[in-house]
Every structure is written in C-alpha cells, then in structure tokens.
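Residue numbers (this note's numbering), protein chains in the order written: chain A, 2 to 327; chain B, 2 to 327.
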C-alpha cells in the first residue's frame with residue numbers, strides 16, 4: 002500500500018494507470034475532513050477518533066496534509082508521533098502528505114491517496130489539513146463530513162479570519178476545552194452559527210461548486226446539492242483530546258451525520274459535486290498539456306512577452322494561442 | 002472612473018471591450034500589495050501611506066479586496082471610514098472590492114480595476130487584502146512590491162500559520178508597535194527571515210509560477226524570475242499607523258524596493274510572471290467556455306454522474322469529453 006501511494010504521489014502517469022484500475026472499488030469509505038489551525042490539537046484529536054473507530058472494528062485511514070512552508074517540517078514530525086501511538090495496528094494506515102509543490106496538485110494527489118485506501122477497504126478515512134489556505138480548506142471540504150477544530154483563547158480577531166472556514170463545517174469542535182475561555186469560544190461559535198443559520202450548511206457545496214465547477218461560475222449543474230433547509234444543524238462539540246474526553250460523543254455525531262447523508266440523498270449529491278470538481282480540474286490540466294504540445298514554446302513565450310510589454314492585451318493573447326493550437 | 006470600474010467588475014463582456022482599449026496605457030504604476038490579518042491595522046496603515054505618497058505628488062489608487070464571508074461586511078465599513086479620511090482629494094481614488102462569488106474571478110477583476118487606475122495615471126496603487134486565503138495572498142503577491150503586516154501579541158501558533166504568507170513579503174511591517182510584545186514580534190520575524198534566508202525572496206515568483214503558470218507545474222519559462230541571490234534583504238519595519246509613526250521610513254523602503262526592481266530587471270521579470278499567470282487563467286476560462294458550448298449539458302452531466310457512480314474513472318471521463326468537443 003505504501004509503495005502504491007508513493008507511486009501515485011510522485012508519478013502522474015502511474016496514477017493514470019493505477020486509479021482507473023481500482024476506481025470501481027472506491028466510493029464505500031466515509032471520508033471525514035478535519036481542519037483547524039496549528040495549536041488546535043487537531044492531530045491528537047484525529048488519533049483519538051481513530052482509536053474509537055477501531056474499537057467499533059472500522060478500518061481507519063489517516064491522511065495528514067501539511068503543505069509545509071520551508072520553515073516547518075510539521076508533517077514528518079506529526080507522523081513520527083503518530084506512529085508511536087497507533088503502531089502495530091494493521092487496521093490503521095497513516096500517511097502524511099507534505100508537498101512543497103503545487104497546492105492544486107496536492108488536492109488531486111490527496112484524492113488519489115484517499116481512493117487507494119478506500120479501495121483497500123479502509124471504511125473510515127480521516128483527512129487532516131491545516132486550515133490556513135484555500136487549497137487545504139478545499140481538501141477538507143471535499144470530504145463527506147467536515148469537522149472544523151477550534152481551541153479556546155483565540156481572540157475575536159482570529160474568529161473573523163476563520164469565518165470562511167466555519168462555512169464548510171458540518172460539525173464544529175472546541176478542543177482543549179479544559180483551557181480557560183472554552184465556554185466563551187463555544188458561545189462565540191454558536192453565535193456565528195446563529196448569524197449564518199438556515200442556508201449556510203445547505204449552500205456549502207454550491208459555494209465550492211461555483212468556484213471549481215466543471216463549467217465555471219454560475220453553472221452548478223443539478224441543484225440537489227446541500228441538505229434541504231434545516232435538516233442538519235451544525236453541532237458544537239467539546240473535547241479534551243489529550244484525555245480522550247468527548248471523543249465518543251464526537252464520533253457518534255460524525256456517525257449521525259453519515260446516517261443523515263445517506264437518508265437524505267446528500268451522500269450522492271456530494272459524490273456528484275466531488276466528481277464534477279475533479280473532472281473539471283483534470284480537464285483543465287489535460288487542455289494545458291495538449292496546448293503545450295501543439296503550440297511551440299517560442300510562440301508561447303513570445304505571446305506572453307508581448308502581453309508584458311503591453312503590445313498585446315491578454316484577451317487578444319488568448320485568441321492567438323487558441324488559433325495556434327487548432 | 003467609478004462607472005468604468007463597476008462595468009469591468011460586473012460584466013465580463015464589458016471587460017473584454019474596455020481592457021483591450023486601455024491596455025497599452027498600462028504598466029506604469031508601481032503596484033504595492035499590502036496583506037495582513039484583520040486586527041493588524043492594515044487599513045489605517047494604507048491610508049497613512051497614501052497621505053505620505055500624496056505629499057510627494059503621487060496620484061494614489063487604493064484597491065481594498067475583502068472577499069467577505071456572510072458574517073462580515075468589512076469592506077463597506079472600511080470604505081466609509083476611508084472616505085472621511087481622504088475625501089476631497091482628487092489625487093486619491095479608493096475602491097473596495099467585496100465579492101461573495103468566485104475567488105479566482107476576484108483576482109482577475111482586481112487586476113482589471115488596477116489596470117484602469119494605472120491607465121488613468123494613478124502611479125502608486127495600493128492593493129490591500131486580508132491575508133486569510135490563498136486567493137488573497139496571490140492577489141497581493143501579484144504586485145511589484147508586497148508588504149506583509151503583523152501586529153504584536155499574536156502568539157507563536159499564529160506565526161506558524163503565517164509562514165506561508167511571510168514567503169511572499171518584500172517588506173515586513175510590525176504595526177501597532179506601541180503595544181506590548183512588539184519587540185518580541187520583530188525578533189520572531191527576523192528569526193524566521195534568517196531561517197529562510199537566501200533563496201526565499203528570490204524564489205517567490207517561482208513558487209507562484211509553479212502553481213499558476215500557463216503551462217502548469219514545472220514549466221516556469223525563463224528562469225530570470227526573482228532577484229539574484231542576496232540582492233534584496235527583506236527589512237522589518239516598525240510603525241504606529243494611528244500616530245503616523247514610521248510611515249515615512251516605510252514609504253522610503255517601498256521606494257528603495259522600486260529602485261531595486263528597476264535596476265535589476267526584476268520589474269520586467271515580475272511583469273512577465275504576471276502576464277503568464279493572467280494569460281494562463283484566461284486560457285483555462287476560455288477553454289471551459291468553448292467546451293460548454295460544444296458539449297451538450299446532458300452529455301456533460303451524464304459523464305459526471307457516471308464518475309460519481311464509479312462506472313467511469315475520472316481520466317476516462319476527460320478523454321470522453323475531449324472526444325465530444327472535437
């Protein structure tokens with residue numbers, strides 16, 4: 002498994018062989034996105050959730066996405082800590098993805114790794130991301146169930162930063178709840194949920210569809226995405242992951258969300274949304290790759306240099322490149 | 002001007018008429034990106050910089066980008082405060098962009114608004130963004146000179162979040178320096194700069210080129226992007242914008258950076274990088290729009306539904322859509 006994953010991660014042409022071969026075996030795992038800022042205790046929480054899920058005989062995959070800056074080596078460190086904690090259990094597979102390259106590519110590679118685990122029978126897959134950038138948020142939001150983790154003691158200013166991240170949450174978690182200010186954080190989150198009540202959760206995939214849909218802004222395909230108004234209320238769960246407190250309740254809530262997804266047809270809607278996004282992304286890449294082959298480098302560079310020199314406007318440049326390609 | 006901007010913002014076909022008409026008149030303004038989290042005092046700092054630039058007879062444009070969540074109405078509020086402060090000065094033009102739609106689209110719309118101001122003779126354009134998501138960071142990084150604003154009192158955890166944002170900085174600013182902990186923040190930033198010393202600033206456009214270049218990952222065109230090793234050392238400037246302290250020094254540093262850009266040829270390199278990125282983005286949009294026209298909606302939806310149902314893998318789906326389109 003580890004070797005297959007490495008292949009898929011590093012070699013696009015290997016992915017093109019491997020993914021089609023296993024694709025029919027995927028679609029069974031419950032994908033659980035877990036996002037939150039560094040310091041929210043996300044990794045410990047994910048480990049504890051994994052243990053609880055193991056106790057119910059689930060096979061658990063953990064994919065930790067940390068597009069490290071040159072300043073941090075977070076993913077590798079986290080991996081080592083984890084290995085000690087969950088090692089020796091064949092029912093858990095852990096993989097850290099620390100790409101220093103393209104974030105767009107990271108989303109797709111993560112999707113492929115998740116798919117391998119899914120095909121191999123891991124029926125609960127926890128996808129952990131640092132909620133710092135759009136790409137990481139998108140990765141988490143592509144899951145069936147998305148958890149956003151907060152810790153107490155982050156001021157109101159920080160809450161504002163996070164507003165965009167809160168919008169993707171199916172379940173909110175205040176971890177490190179033994180710290181001062183936990184009640185205040187819970188209240189602040191509940192207040193924000195109130196302010197955004199009603200359409201918020203229902204609109205989540207629409208929001209993402211708009212940004213990344215196959216056909217661009219405003220064409221989101223069938224409008225079945227999102228729960229019918231009011232059918233899922235985003236809960237705020239309280240945990241102390243280091244002591245295992247609240248984990249059982251949280252895992253039960255994740256399970257309720259899964260039941261709701263299945264009962265309402267939202268599961269299929271989210272699968273459709275993810276497929277739309279992925280096909281759209283692959284299409285764009287394939288298009289660029291074909292253009293690269295059909296328009297000589299010299300021509301491309303000359304067109305771009307003309308745009309930079311204000312001799313050609315960007316719209317005219319695009320027309321010219323299209324004309325060259327066909 | 003305000004009406005032209007509104008047209009370009011809201012109507013893609015208007016942009017296609019207006020931008021080509023004015024494009025040859027652009028490329029003269031110094032574009033200054035200013036990014037930082039809410040609470041860093043960014044807006045006040047931008048206002049003070051505008052006043053200082055006005056004192057040297059520059060015409061100043063301010064474009065404030067705030068892709069508000071449903072929870073905040075930040076941009077409009079900030080706009081009103083600004084109007085009072087700088088109103089009655091025809092040498093300053095202020096525009097807030099608060100898009101609730103696509104972030105990718107926001108980057109391009111912002112580019113077009115900046116272009117209109119540039120063509121109209123505003124020779125210093127301050128582009129202010131909240132440094133919360135990748136798109137906003139990209140908008141700031143597309144400027145000639147990028148300022149990243151910090152405030153004291155944000156803990157080490159927060160610094161970690163920001164590592165990715167620091168990488169795009171040409172100048173770091175610790176604002177609200179009269180607050181406790183300012184020295185510590187300055188030291189922390191200097192330490193981070195030390196850790197990433199050398200290639201960091203030089204690699205900034207390479208990083209972005211990889212993510213968004215015309216030809217995708219690994220093809221960045223001419224390798225002249227980024228200063229030669231060591232020729233620009235990222236300074237850490239200290240300001241108290243509410244009292245006007247340190248603003249003169251900061252504006253002087255921005256001016257030094259401009260001189261360096263011009264002297265080293267980096268100005269042209271950054272123009273080229275921006276053109277590459279913009280043409281690439283437009284190409285992808287144009288491609289999707291042509292595909293939408295040439296492949297019937299039913300076919301597209303059927304292909305995507307087959308992917309979601311695991312009857313077709315994503316790579317095969319792309320092949321089929323390409324076959325349909327041609």
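Just so you know, even glycine gets a beta-carbon here, dropped at the ideal spot from N, CA and C.
Within the same chain, and ignoring the five residues on either side of residue 255 of chain B in sequence, the residues whose Cβ sits closer than 7 Å to its Cβ are 33, 146, 172. At a cut-off of 7 Å between C-beta atoms, residue 28 of chain A counts as an interface residue with respect to chain B.
Bounds of any alpha helix (DSSP H) do not take in residue 31 of chain A; it lies within the beta strand (DSSP E) bounded by 31–37.
Within chain A, 285, 288, 289 have C-beta atoms less than 8 Å from the C-beta of residue 285 of chain B, given in sequence order. When C-beta distances to chain A are compared with 9 Å, the residues of the region 301–314 of chain B below that value are 301, 302, 304, 305, 306, 307, 308, 309, 310, 311, 312, 313, 314, in chain order. Taking every protein chain shown into account, the CB of residue 122 of chain B has fewer than 16 other CB atoms within 10 angstroms, so this residue is exposed. Secondary structure at residue 62 of chain A: strand, using DSSP grouped into helix, strand and coil. Of all alpha-carbon atoms in A:64, A:175, A:187, A:309, the one lying nearest the alpha-carbon of residue 125 of chain A is that of A:64.
Under the three-state reduction of DSSP output, residue 311 of chain B falls in the coil class, being neither helix nor strand.
Taking a cut-off of 8 Å for Cβ pairs, the region 270–283 of chain A and the region 308–315 of chain B touch, as three or more such pairs fall below it. For residue 151 of chain B, the enclosing beta strand (DSSP E) covers residues 146–151. Our two residues, residue 92 of chain B and residue 49 of chain B, have alpha carbons roughly 14 Å apart in a direct line.
DSSP places residue 97 of chain A within a strand segment (E or B) once states are collapsed to three.
A direct Cα-to-Cα measurement between residue 4 of chain B and residue 289 of chain B gives close to 29 Å. Only buried fits residue 113 of chain A, as 16 or more other CB atoms lie within 10 angstroms of its CB. Listed in chain order, the positions of the region 9–25 of chain B with a beta carbon within less than 7 Å of a beta carbon of chain A are 17, 20, 21, 24, 25.
Shown here, residue 301 of chain B sits in a helix according to DSSP, grouped into three states. In this structure, residue 167 of chain A lies away from residue 315 of chain B, with their beta-carbon atoms at least 7 Å apart.
A Cβ-Cβ separation of about 6 Å places residue 117 of chain A in contact with residue 6 of chain A under the 8 Å criterion. With respect to chain B, the C-beta atom of residue 277 of chain A has a partner C-beta closer than 7 Å. Interface with chain A (7 Å Cβ-Cβ cutoff): residue 296 of chain B is excluded. For residue 111 of chain A against residue 66 of chain A, the beta-carbon gap comes to about 6 Å, under 8 Å, which counts as contact. The beta carbon of residue 128 of chain B sits closer than 6 Å to those of 34, 64, 144, all from its chain and outside the five residues before and after it, given in chain order.
The beta carbon of residue 19 of chain A sits closer than 7 Å to those of 5, 8, 9, all from its chain and outside the five residues before and after it, given in chain order. At a cut-off of 7 Å between beta carbons, residue 318 of chain B contacts chain A. Looking only at B:322, B:327, B:312, B:324, the smallest Cα-Cα distance to residue 21 of chain A is reached by B:312.
Closest in alpha carbon position to residue 299 of chain A, among A:287, A:325, A:281, A:286, is A:325.
Rounded to whole angstroms, the separation of the alpha carbons of residue 17 of chain B and residue 271 of chain B is 23 Å. Contact of residue 66 of chain A with chain B is not assigned, every C-beta pair being separated by 7 Å or more. Residue 241 of chain B has a beta carbon lying at 7 Å or more from every beta carbon in chain A.
In this structure, the CA atom of residue 46 of chain B is about 11 Å from the CA atom of residue 53 of chain B. Remark: C-beta atoms of residue 194 of chain A and residue 252 of chain A do not approach each other more closely than 7 Å.
Annotated three-state conformation of residue 6 of chain A is helix, per DSSP.
Residue 51 of chain A and residue 131 of chain A have their alpha carbons spaced roughly 18 Å apart. In terms of Cα proximity to residue 244 of chain B, the closest of B:176, B:120, B:140 is B:176.
Linking residue 296 of chain A to residue 286 of chain B through their CA atoms gives a straight-line distance of about 18 Å.
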